[in-house]
């Protein structure tokens, strides 16, 4: 053994002797890291708390209305600002919807599960479901409990699809996004309810309580085919505009706008926006006009930070682009594909579609720098910070905009339906939007479809719907939506109610996920400046055509799963500029 | 000669561990290999259709899949190289004794404690082009409005990965440095070897196997990176940072093309095995 090797061995053995020391050091490191983590966490929490915007010093009268349903139990609280306010007085309404034990103590004999996204409508559903044991005991002769399985939105598709693929009997009831209906139904995982509805006059009546758009996109597969009722509308949602009225109504700004664009800005009067035919190009004018740099003035005040004209959804996440670009696409008189033949070439990359994408992209200069990440949260954040003139957002995510503890502009905004567009080629004004929201479906593998259907009946009873509306749920039945009571319940309910009839949706076929992903990728790349609108749509058409061909749509589908050739498709309707309610009606 | 019970006893002891490996690793792996030869959509059900090497052929002839492989290679090479350089630098720094060294090492290794999905979300807020602290600091220093996730998306994900995994590289290299025989370093100093020669002749031969091991681990890990990039950019803008792991996830759990997802996972597995062999050969060469 050489001297060097001996020496190395000696050193190694010395190292072994210090193992205890090493372990001790490692322990110290781990403890220090945990302590540092806790300190950082607490610091972060405190910093987050401190960052919440303080209430503005205004003359504010706050009225708290507490509506209690049943005995104390779970509580869902929403805070909204009443729509009709003067410039100086703001009325904040805080509603607390509480439900708990039914009037008499009832021990459930059976329990079923309802899988829902973990958000306000999901929690509120749980509150309303607490009265179901008493209702079912009375109506079915058996007390049934509905347990909520609340799943974070980001994970719910994976959870529900994998659970159903395993043919699990629970959840008996589940929330499906509207575009999942095809993949769940064609796979045999959600129940076709027609045979049950045909036997039940009450359910037949129930169908008539929904707007055509909600039946088409929340309840049927293929869209508008009432021979396959596969769900019932649960949480309705639409996108609206939310606008800063203090800036809109500033006399100097209005004067300067007219001088620059040659027409008057609409006022903060709802009727100036709907049913008045406001055009998307006017929205862009406003966005351009109100985009200012730090140091500039807006509505008589000097800006500390840059101010933006519009924040609309352009994120790559899920269907963020599909819903807003889809809205613009329909208004420009084009659709994604022909659902009858499965053709895409010459449709999604048509001249109208390219112009629609050029328009969508033209909003970027007036958007916040993080425009490529803007979805509902980011749009809310920039509005709550008081740094944008208007945003587009889902009604379901608007309550926090009117919450004084979260929003600097809670008393300076109002919501109106999305605009439309006068087409350059046929001169028609089209006003459509892409629907959001979700239906509830029955698990086809469940042992209790009859009980699930009974829950659906319970759900649409007046008392349940009243609680649903008061708690901030997206009501879907016309007899509630069209009441003055509902329209005045929140600042955005009127816009929500008026928007429902002009909603359309994209594909709900089993291959929707691949079509949607291709769309999000190609349009996002276009918005990021990686490709021009024409190239993006040509690439998209190619990818969609490949996906549809590989799937064999429509030839590989049984006739009952195809879009009927004798009915009007969304493509027919938007191209002709007909009302959205014409989808599914017989072709002349 | 050992009795029957003496021979059976060790088998009995390893059976639980073996059962876990067989049922949770080997069986699913073989099942997935089998599925990769079928056209099968788990959500739509129906009978799996045997397509032989069809899934492999379709994937390997798809330009989209090759784009993902190129993106993944760019990410792996950039991230591992940056982590190696920074990790080496930090290891050399911490090789010196100085006051507060231990606490500095602790603080440096803290990113390893953060869950990757949380790190992705943190960085999304840090890089945010409207409200992000990174954007704000860059603006203060340079006056430029930088949009990391749009204009430098790949750099943004590489920096995130480097933030999280450089400490791992540093710990490996530091362990190697600590193992360098002190007397050899002293001899080199007596012989008045330059720092570079000392590193080349004394330090590098000792730490090289550990460095190769660290590079091997990080390369394998970087190849299957998913959560940080998915949370930060979701593969965007467009598909600029769409790694192969994200594509496998989408094919498997969004499109439910189960057979194709298995085939793609096996292609990646083969690439990782080849890389592993390469590293092990290099490490072995050094040891010999």
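Chains as they are written, first to last, in our numbering: chain A, 481 to 1068; chain B, 2 to 289.
All C-beta atoms, glycine included, are put in the ideal place defined by N, C-alpha and C.
- When beta bridges are read from the DSSP output, residue 874(A) appears opposite 719(A).
- At least one C-beta of chain B is nearer than 8 Å to the C-beta of residue 1001(A).
- Residues of chain A whose Cβ lies closer than 7 Å to the Cβ of residue 131(B) are, in chain order, 848, 849, 850 and 862.
- Think of a sphere of 7 Å around the beta carbon of residue 56(B): no beta carbon from chain A falls inside it, the nearest being about 12 Å out.
- Of all residues in the region 27-59 of chain B, those with a C-beta nearer than 7 Å to a C-beta of chain A are 43, 44, 45 and 46, reading in chain order.
- Approximately 31 Å separates the beta-carbon atoms of residue 712(A) and residue 899(A); this is outside 8 Å, ruling out the contact.
- Proximity of chain B to residue 1010(A) at the Cβ level (cut-off 8 Å) is accounted for by 238, 239 and 241, in chain order.
- Spanning the alpha carbons of residue 212(B) and residue 285(B) requires a straight line of approximately 12 Å.
- The DSSP-derived three-state label of residue 724(A) is strand.
- Below the 9 Å Cβ cutoff, chain A contributes 993, 994 and 997 as neighbours of residue 251(B), in chain order.
- By the Cβ criterion, the region 668-677 of chain A is in contact with the region 912-926 of chain A, since at least three pairs of Cβ atoms, one from each stretch, lie closer than 8 Å.
- Only exposed fits residue 191(B), as fewer than 16 other CB atoms lie within 10 angstroms of its CB.
- Within the region 667-750 of chain A, the complete alpha helix (DSSP H) segments at least 4 residues long are 674-678, 681-687, 725-728 and 731-741, listed from N- to C-terminus.
- Within chain A, the residues placing a beta-carbon under 7 Å from that of residue 256(B) are 993 and 994, ordered along the chain.
- The secondary-structure analysis by DSSP pairs residue 629(A) across a beta bridge with 595(A).
- Residue 193(B) and residue 277(B) have their C-alpha atoms some 39 Å from each other.
- Taking a 10 Å sphere around the C-beta of residue 23(B), we find fewer than 16 other C-beta atoms and assign the residue as exposed.
- Per DSSP, the beta-bridge partners of residue 42(B) are 258(B).
- Pairing residue 816(A) with residue 719(A) gives a Cβ-Cβ distance that is not under 8 Å.
- Per the C-alpha coordinates, the member of 31(B), 147(B), 252(B) and 106(B) positioned closest to residue 91(B) is 106(B).
- Interface flag for residue 285(B) against chain A is unset, since no Cβ pair is found closer than 8 Å.
- By the CB criterion at 8 Å, residue 993(A) and residue 40(B) fall outside the cutoff.
- Between the C-alpha atoms of residue 74(B) and residue 249(B) there is a straight-line separation of about 16 Å.
- The three-state secondary structure of residue 1047(A), taken from DSSP, is strand.
- Residue environment analysis places residue 941(A) among the exposed positions, since fewer than 16 neighbouring C-beta atoms fall within 10 angstroms of its C-beta.
- In this structure the region 724-734 of chain A does not touch the region 876-886 of chain A; the number of beta carbon pairs closer than 8 Å is below three.
- The region 845-852 of chain A and the region 788-808 of chain A touch, with no fewer than 3 CB-CB distances between them shorter than 8 Å.
- Taking a Cβ-Cβ threshold of 8 Å, none of the residues of chain B is close to residue 632(A); the smallest such distance is about 12 Å.
- Residue 924(A) has a beta carbon lying at 8 Å or more from every beta carbon in chain B.
- Across the region 784-817 of chain A, CB contacts with chain B closer than 7 Å involve 796 and 797, in sequence order along the chain.
- Annotated as distal: residue 207(B) and residue 176(B), with beta-carbon spacing of 8 Å or more.
- The continuous stretches of beta strand (DSSP E) do not include residue 840(A), which lies in the alpha helix (DSSP H) extending over residues 831-841.
- When DSSP reads this structure, residue 858(A) sits in no beta bridge, so it has no partner.
- Contact annotation for residue 16(B) against chain A: no contact, minimum CB-CB distance about 29 Å [criterion: below 8 Å].
- Counting C-beta pairs with one atom in each stretch, the region 955-963 of chain A and the region 608-627 of chain A have fewer than three that are closer than 8 Å, which means they do not touch.
- For residue 895(A), the enclosing beta strand (DSSP E) has its first and last residue at 893-897.
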